[in-house]
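Residue numbers (my numbering): 11 to 195.
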């Protein structure tokens, strides 16, 4: 699919690739989860070879709705469910946070959510709208990341740009006490 988008929603302004579901008003986290098409969860299965030999130290992350394997990870990998990502941004930004875009990339391997922050800035005469983006990978390829950005994320390219150019960001690997790490952040 174009721009690596599997499913997504966007508020008001259509992305260049034209994919996703448009809504006129930014939704809360419960609605955003459904609109983005990732109100699914991930579980882990032990790996075995085709002839039944167990593969020690590794598991497959599998999506519950269609049994799609999202990635192969080590036993240390801890899952952060999509609803936990929204709960994190809800807690971080406070009651009433509204989401501008959210979606699933690369067949569910990565997900992102983008919250529009209430204040705007004027820099050299240009009005800048700040966002908080939260990215989660279910395939073991990257850390959990949250960043402040002026970039409206609508695809893999804008997600990578937002995360790589952010002046303020936070990340943690999918190991150890994930819930504690999210609470500390």
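Heads up, the beta-carbon is just placed ideally off N, CA and C, and yes, glycines get one too.
When we look at the beta-carbon of residue i and count the other beta-carbons within 10 Å, is it buried (16 or more) or exposed?
i, result
"residue 62", "exposed"
"residue 155", "buried"
"residue 71", "buried"
"residue 145", "buried"
"residue 143", "buried"
"residue 121", "buried"
"residue 178", "exposed"
Please state if the CB of residue j and the CB of residue i are separated by a distance shorter than 8 Å.
i, j, result
"residue 124", "residue 105", "no"
"residue 166", "residue 140", "no"
Look up residue i in the DSSP assignment and say whether it is helix, strand or coil.
i, result
"residue 113", "strand"
"residue 5", "Lying outside 11 to 195, the shown extent of the chain, residue 5 is not represented and no answer is given."
"residue 94", "helix"
"residue 49", "coil"
"residue 104", "coil"
"residue 118", "helix"
"residue 166", "helix"
"residue 172", "helix"
"residue 188", "helix"
"residue 84", "strand"
"residue 142", "strand"
Can you tell me the Cα-Cα spacing of residue i and residue j, whole angstroms?
i, j, result
"residue 137", "residue 86", "44 Å"
"residue 38", "residue 73", "24 Å"
"residue 103", "residue 68", "35 Å"
"residue 82", "residue 97", "25 Å"
"residue 162", "residue 57", "38 Å"
"residue 95", "residue 175", "21 Å"
"residue 129", "residue 17", "28 Å"
"residue 32", "residue 59", "43 Å"
"residue 65", "residue 55", "11 Å"
"residue 11", "residue 29", "With a pLDDT of 48 at residue 11, under the threshold of 50, the modelled position of that residue is not reliable, and no figure is offered here."
Under 8 Å, Cβ to Cβ, is there at least one residue of chain C near residue i?
i, result
"residue 100", "Protein chain content of the structure displayed is limited to a single chain, and chain C is not contained in it."
Are the region 40-58 and the region 168-184 in contact at 8 Å, needing three or more beta carbon pairs? They do not touch, by the three-pair rule.
Assess contact between the region 49-68 and the region 76-94, defined as three or more Cβ pairs (one per stretch) separated by less than 8 Å. Is contact present? Contact between the region 49-68 and the region 76-94 is present, because at least three Cβ pairs lie under 8 Å.
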